[in-house]
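K.L.:
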Ligand SMILES: C[S@@+](CC[C@H](N)C(=O)[O-])C[C@H]1O[C@@H](n2cnc3c(N)ncnc32)[C@H](O)[C@@H]1O
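Residue numbers (the numbering used here): 40 to 306.
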């Protein structure tokens, strides 16, 4: 089963929810701006799944996906853009470029999701990236980031979750925080997959990240020139005692073992 599996399909099924992500983006934009957003740039776009969701949502939407890896972009062209109709295809463009350097023209929204910007290890690198993002936004543009943390985030641990692909085939998603160095906050994280026949794909994806904290990210965004940076924290479903999927601007969060939040950064 491992030999037959497609890594990008497994990744998308296990860690992405592009509909919920674009719902959040559209709703937050509507709350903050009195005009519709048209052009969205997806940084670190990988398979461009989210960029495709943006162009599908509305006939006026345009998307630009940016990724350094030509292989993943080609996979996206063959497997995701190929599912768009001719008209939608005219409204999406993929760029094989470095997000820290890219300048495809100013857009309304830039997304950098699934913590991809944690790959910048130095404060100066992260600041330079945010400065390039700000240059790429129109005057009322918005950058959407996500972030993760909590007291389990710097721990060496492995956790797993049962998933299934679009055809109903089951697999296990395994997230491993393999190492953490408290001196520079660098960490190595890995994604592995396991299948019902016990075959595995180890090290499907490896990440060398810095575990940034929310105050650091916020300070660096302000240093880069953003005018307003809000943390959107997830509410709690009191009955289930777990996240309810509703994110609102907050100044106080819970000391959870693991949390994910959105950061909404206005140009
Ligand atoms: C964790 S994946 C994120 C995929 C997708 N955005 C998501 O939300 O799941 C990170 C992607 O960032 C790309 N990447 C890494 N460094 C980059 C850079 N400097 N510029 C552009 N893309 C980069 C990798 O090729 C990879 O496809």
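Cβ atoms here follow ideal geometry from the backbone N, Cα and C, with glycine treated the same way.
Could you compute how far the alpha carbon of residue 166 sits from the alpha carbon of residue 262?
P.N.:
Within the chain shown, numbered from 1, the residue matching residue 166 stands at position 127. Within the chain shown, numbered from 1, the residue matching residue 262 stands at position 223. A straight line joining the alpha-carbon of residue 166 with that of residue 262 spans about 7 angstroms.
K.L.:
I'd like to confirm something about residue 265: is its beta-carbon nearer than 6 angstroms to some heavy atom of ligand 1, or not?
P.N.:
For this step, residue 265 is matched to residue 226 along the chain shown. Every heavy atom of ligand 1 is 6 angstroms or more from the Cβ of residue 265, so no.
K.L.:
Please name the residue in 152, 187, 257 whose C-alpha comes closest to that of residue 296.
P.N.:
What you label residue 296 is simply residue 257 of the chain shown in a count that begins at 1. Closest by alpha carbon: 187.
K.L.:
At which residue ranges does the segment 219-270 contain complete alpha helix (DSSP H) runs of 4 or more residues, listed in the order of the chain?
P.N.:
253-263
K.L.:
Can you tell me whether residue 107 sits near ligand 1, meaning its C-beta is under 6 angstroms from at least one heavy atom of the ligand?
P.N.:
If you number the chain shown from 1, residue 107 lands on position 68. Answer for residue 107: yes, Cβ within range of ligand 1.
K.L.:
In angstroms, rounded to a whole number, what distance separates the CA positions of residue 191 and residue 124?
P.N.:
Position 152 of the chain shown, counted from the first residue, corresponds to residue 191. Position 85 of the chain shown, counted from the first residue, corresponds to residue 124. Taking the straight line joining both Cα atoms gives about 43 angstroms.
K.L.:
At the level of alpha carbons, what is the spacing between residue 198 and residue 74?
P.N.:
Locating residue 198 in the chain shown gives position 159, counting from the first residue. Locating residue 74 in the chain shown gives position 35, counting from the first residue. Their backbone Cα atoms lie some 42 angstroms apart in a straight line.
K.L.:
Should residue 302 and residue 270 be called a contact, given that it needs their Cβ atoms to be closer than 7 angstroms?
P.N.:
As a first step, residue 302 is located in the chain shown; it is residue number 263 there, counting from the start. As a first step, residue 270 is located in the chain shown; it is residue number 231 there, counting from the start. Going by C-beta atoms, residue 302 is nearer than 7 angstroms to residue 270.
K.L.:
May I ask you to report which of helix, strand or coil DSSP gives residue 158?
P.N.:
Counting from 1 along the chain shown, the entry for residue 158 is found at position 119. Note: residue 158 maps to helix in three-state DSSP.
K.L.:
Report buried or exposed for residue 42, applying the criterion of at least 16 other Cβ atoms within 10 angstroms of its Cβ.
P.N.:
Taking the first residue of the chain shown as 1, we reach residue 42 at position 3. With fewer than 16 Cβ atoms within 10 Å of its Cβ, residue 42 is classed as exposed.
K.L.:
What residues in its chain sit with their C-beta under 7 angstroms from that of residue 127, if we drop five residues either side in the sequence?
P.N.:
The residue labelled residue 127 in the question sits at position 88 within the chain shown. For residue 127, where only same-chain residues beyond five positions count, the Cβ hits under 7 angstroms are 94, 95.
K.L.:
Confirm the yes/no value for this check: CB of residue 111, any heavy atom of ligand 1, distance under 6 angstroms.
P.N.:
Position 72 of the chain shown, counting from 1, holds the residue named residue 111. Yes - ligand 1 has a heavy atom lying nearer than 6 angstroms to the Cβ of residue 111.
K.L.:
Could you tell me if residue 71 is buried or exposed, where buried requires 16 or more neighbouring beta carbons within 10 angstroms of its beta carbon?
P.N.:
In the chain shown, counting from the first residue as 1, residue 71 sits at position 32. Counting Cβ neighbours within 10 Å, residue 71 comes out exposed, since fewer than 16 surround it.
K.L.:
For chain C, check one thing: does any of its Cβ atoms lie closer than 7 angstroms to the Cβ of residue 258?
P.N.:
In the structure shown, chain C does not exist; there is a single protein chain.
K.L.:
Taking Cβ to Cβ, would you say residue 176 is nearer than 7 angstroms to residue 306?
P.N.:
Counted from its first residue, the chain shown places residue 176 at position 137. Counted from its first residue, the chain shown places residue 306 at position 267. Yes, they are a contact pair.
K.L.:
Fully enclosed by the segment 48-97, which alpha helix (DSSP H) runs are 4 residues long or longer?
P.N.:
57-71, 88-96
K.L.:
Is the segment 246-265 touching the segment 156-171 in the sense that three or more CB pairs, one from each, lie closer than 8 angstroms?
P.N.:
yes
K.L.:
Using 6 angstroms as the cut-off, classify the Cβ of residue 155 as near or not near the heavy atoms of ligand 1, replying yes or no.
P.N.:
Counting from one through the chain shown, the residue named residue 155 turns up at place 116. Yes, ligand 1 has a heavy atom inside 6 angstroms of this Cβ.
K.L.:
Below 8 angstroms CB to CB, which residues in the same chain sit around residue 178 once its five sequence neighbours on both sides are set aside?
P.N.:
Position 139 of the chain shown, counting from 1, holds the residue named residue 178. Within the same chain, residue 178 has close Cβ partners 306.
K.L.:
Thinking C-beta only, is residue 193 closer than 7 angstroms to residue 219?
P.N.:
Here residue 219 is taken as the residue at index 180 of the chain shown, counted from 1. Here residue 193 is taken as the residue at index 154 of the chain shown, counted from 1. Residue 219 places its beta carbon less than 7 angstroms from that of residue 193.
K.L.:
Can you give me the start and stop residues for the alpha helix (DSSP H) that residue 128 sits inside?
P.N.:
Reading the chain shown from its first residue, position 89 is the one you call residue 128. That run of the alpha helix (DSSP H) goes 125-128.
K.L.:
Compare the C-alpha of residue 273 against each of 289, 259, 279 and name the closest.
P.N.:
For the purposes of this step, residue 273 is taken as the residue at position 234 of the chain shown. For the residues 289, 259, 279, the minimum Cα distance to residue 273 belongs to 289.
K.L.:
With burial defined as no fewer than 16 other Cβ atoms inside 10 Å of the residue's Cβ, what is the status of residue 88: buried or exposed?
P.N.:
Here residue 88 is taken as the residue at index 49 of the chain shown, counted from 1. Residue 88 should be labelled buried.
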